[in-house]
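Undergrad:
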Amino acid sequence: MRLSAVRFGADGLVPVVTQESRSGDVLMVAFANQDALERTLATGLAHYFSRSRGVLWQKGESSSHVQRMVEVRLDCDGDTVLYRVEQTGPACHTGTRTCFSTVIGRTGVRADGQSGGTVDGLTEEDPGAHVLSRLARTIALRATQRPEGSYTAELLSQGVGKASQKVGEEAVEVVVAANSEDDERLASEAADLLFHLMVLLQARGVPLDDVLRELEKRKK
């Protein structure tokens, strides 16, 4: 993208809409100046400009919830930029996957996911509602919110070593089930293994999308 095509405002800023590339979810809206756009393109990580603090900032620099750039687009008028990213962990500072988690309806305002069998605002109708993606989001929320009584939060608090140990234990149980138990038991043990593997990925800070990209390479 040629930055000369960007129509910055009188304050030198342009609005940026940030979208998760895999799910299509709108994650946040912020602003960028020319320096932020240049750094985004140069580093492959989303950068913005804070109007309140008057400084350039990189998303996830302190929280590790970085946004890896897939594509930068410019709208037809040249005055709004779209970041298409791969989001690590929650995008919102409140710990939700998106800053747009509040629904305004005719009957009032509610948090997304308060009804209809949802978990932490993750709905079955979510356009990116692949079960592994939803699970990764929930695990990321557990990592930031650490709710009392959560097995996932407790496991994450014990670090990579404990998560690795659990993956090893679950892998052995999968092998045992595959060789001596029925299909239902094997499916259950395989689900446990996948879950603990995803907890380990979260503990290490490795995005699920990195794994999915590697799986894409194994189609041949």
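Using the working numbering, you'd call the opening residue of the sequence shown number 315 and step up by one each time.
For every residue, glycine included, the Cβ atom is placed at its ideal position computed from N, Cα and C.
None of these values were measured; they are calculated from a predicted model.
How close, in whole Å, do the beta carbons of M342 and C406 come, if the pair is a contact with beta carbons under 8 Å?
TA: Here residue 342 corresponds to residue number 28 of the sequence shown, with the count starting at 1. Here residue 406 corresponds to residue number 92 of the sequence shown, with the count starting at 1. Yes, they are in contact, since the Cβ atoms of M342 and C406 sit about 7 Å apart, within 8 Å.
Undergrad: Within 10 angstroms of the Cβ of N347, are there 16 or more other Cβ atoms? Answer buried if so, exposed if not.
TA: Within the sequence shown, the letter at position 33 stands for residue 347. Taking a 10 Å sphere around the C-beta of N347, we find 16 or more other C-beta atoms and assign the residue as buried.
Undergrad: Taking just the CA atoms, how far does F363 sit from G326?
TA: One-based indexing of the sequence shown puts residue 326 at position 12. One-based indexing of the sequence shown puts residue 363 at position 49. If you take the alpha carbons of G326 and F363, they lie about 10 Å apart.
Undergrad: On the three-pair Cβ rule with 8 Å, is the segment 445-456 touching the segment 485-500?
TA: no
Undergrad: State the start and end residues of the unbroken beta strand (DSSP E) segment that holds S364.
TA: Taking the first residue of the sequence shown as position 1, residue 364 is located at position 50. Per DSSP, S364 belongs to the beta strand (DSSP E) from H361 to S364.
Undergrad: Could you pull out every residue in the same chain whose Cβ sits closer than 6 Å to the Cβ of H510, ignoring the five residues on either side in sequence?
TA: Here residue 510 refers to the residue found at position 196 of the sequence shown. Result list for H510: K480, V481 and E484, in chain order.
Undergrad: Find out if the Cβ-Cβ distance for the pair A517, V474 is shorter than 7 Å.
TA: In the sequence shown, counting from the first residue as 1, residue 517 sits at position 203. In the sequence shown, counting from the first residue as 1, residue 474 sits at position 160. Closer than 7 Å, so yes.
Undergrad: Would V380 and R398 be called neighbours here (beta carbons separated by less than 7 Å)?
TA: Position 66 of the sequence shown, counted from the first residue, corresponds to residue 380. Position 84 of the sequence shown, counted from the first residue, corresponds to residue 398. The answer is no: Cβ separation not under 7 Å.
Undergrad: Alpha carbon to alpha carbon, how far is G463 from L469?
TA: Mapped onto the sequence shown, residue 463 falls at position 149. Mapped onto the sequence shown, residue 469 falls at position 155. When rounded, the distance between both Cα atoms is 11 Å.
Undergrad: List the whole-angstrom C-beta distance separating R336 from D524, where the pair is believed to meet the contact cut-off of C-beta under 8 Å.
TA: By one-based count along the sequence shown, residue 336 stands at place 22. By one-based count along the sequence shown, residue 524 stands at place 210. Incorrect: roughly 12 Å between the Cβ atoms, too far for contact.
Undergrad: Can you pull the DSSP bridge partners for L396?
TA: Stepping through the sequence shown from its first residue, residue 396 is reached at position 82. Looking at the DSSP assignment, L396 forms a beta bridge with V331 and R387.
Undergrad: Considering only the beta carbon of each residue, do V283 and L396 sit closer than 7 Å?
TA: Past the edges of the chain, shown from 315 to 534, lies residue 283, and the structure says nothing about it.
Undergrad: Please report the straight-line C-alpha distance between F414 and L515, rounded to a whole angstrom.
TA: Taking the first residue of the sequence shown as 1, we reach residue 414 at position 100. Taking the first residue of the sequence shown as 1, we reach residue 515 at position 201. Approximately 26 Å, taken between the alpha carbons.
Undergrad: Taking 6 Å as the cut-off, is the CB of E400 close to at least one heavy atom of the ligand MG?
TA: Among the components of this structure there are no ligands whatsoever, and the ligand MG is therefore not found.
Undergrad: For G392, which residues from the same chain have a beta carbon less than 7 Å from its beta carbon, with the 5 sequence-adjacent residues on both sides left out?
TA: If you number the sequence shown from 1, residue 392 lands on position 78. Non-local C-beta neighbours of G392 in its own chain, meaning closer than 7 Å and more than five positions away in sequence, comprise A319, V320 and R321, ordered along the chain.
Undergrad: Of the residues E352, R448 and A360, which one's Cα is nearest the Cα of K373?
TA: Locating residue 373 in the sequence shown gives position 59, counting from the first residue. Taking only the C-alpha atoms, the option nearest K373 is A360.
Undergrad: For V486 and S377, what's the separation of their Cα atoms in angstroms?
TA: As a working note, residue 486 is residue 172 in the sequence shown. As a working note, residue 377 is residue 63 in the sequence shown. Distance from the CA of V486 to the CA of S377, rounded to the nearest whole angstrom, comes to 34 Å.
Undergrad: For a minimum of 4 consecutive residues, which ranges assigned as the alpha helix (DSSP H) are wholly contained in the segment 491-525?
TA: With a minimum length of 4 residues, the continuous alpha helix (DSSP H) runs that stay inside the segment 491-525 are 497-518.
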